[in-house]
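Okay, structure first, notes after.
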């Protein structure tokens, strides 16, 4: 993969203000992409991410949108294309994560997870796909999770939403080919500086460590620029934890 493998392309990364999304935005910018840093409420963090990209010589804008709302997705894509150009890459990263006692899960809780983690990914893809089709190329990467494959009773809404992401990825890959490649990344536990190490995860994973934002970002970059012959796949990035 060349150093500037995404030169001239525009990447829209949802939920890119912090954590994994920020890592992805910085990595795609480093590969030459002009990056739309989407955020819902974390404006200061989003602008800080944009400034970091600019400091490194890249081009980026911060755009607010609640991607669980299709009308806001439409406005987001229109604003992205007006400011940076047609979207070549979509990274559906925005998501929420929380534990619940299953007996206490409410309808509002359920809907919040499905809307943010699953519905948003579909409508973001629907918004960018026509343009990608017309131009004859495009890459969509969805953030799934190990939770979409494993049985974690304390995280039922989250796990169900991420299992949906995995199947959505396969469906979109078939629906949007051959012009658009659609894949997913399923992270295991990803930890950032200052967080307490997850000793149980570290003990059980064959690589004896948790992941970093860069581990996920580099995988996303590979799916965007590393191969033109991969679609409908879910790459598990978990240090081997799923083997435990």
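In this note's numbering, the protein residues as written are 82 to 325. Ideal placement from N, C-alpha and C gives every residue a C-beta, glycine not left out. These figures come from a predicted structure and were not determined experimentally.
Check, Outcome
"One or two residues paired with residue 224 in a DSSP bridge", "266"
"Pairwise C-alpha distance: residue 240 and residue 183", "12 Å"
"Residue 103, DSSP secondary structure in three states", "helix"
"Limits of the alpha helix (DSSP H) - the one that residue 254 falls within", "237–257"
"Minimum length 3: unbroken beta strand (DSSP E) runs contained in the segment 125–198", "141–145, 170–173"
"Cβ-Cβ distance between residue 121 and residue 85 below 9 Å", "no"
"Cβ contact check for the segment 168–181 and the segment 208–225: 3 or more pairs under 8 Å", "yes"
"Candidates 263, 318, 322, 213: closest to residue 280 by CA position", "322"
"Range covered by the beta strand (DSSP E) that runs through residue 288", "Unbroken run through residue 288: none, as it is neither H nor E."
"Where residue 92 sits in the DSSP three-state scheme", "strand"
"Minimum C-alpha distance to residue 245 - residue among 256, 199, 257", "199"
"Whole-Å CB distance - residue 118 paired with residue 127, under 8 Å assumed", "5 Å"
"Extent of the continuous beta strand (DSSP E) run through residue 316", "315–318"
"Three-state class that DSSP yields for residue 218 in the structure shown", "coil"
"Option nearest residue 104 by Cα separation, candidates 272, 205, 308", "272"
"Closer than 9 Å to chain D by CB, residue 239", "Absent from the structure: chain D. Only one protein chain is present."
"Residue of 151, 320, 285 minimising C-alpha distance to residue 293", "320"
"Option in 250, 285, 259, 110 with minimal Cα separation from residue 270", "285"
"Straight-line gap, residue 134 to residue 325 (C-alpha atoms, nearest Å)", "38 Å"
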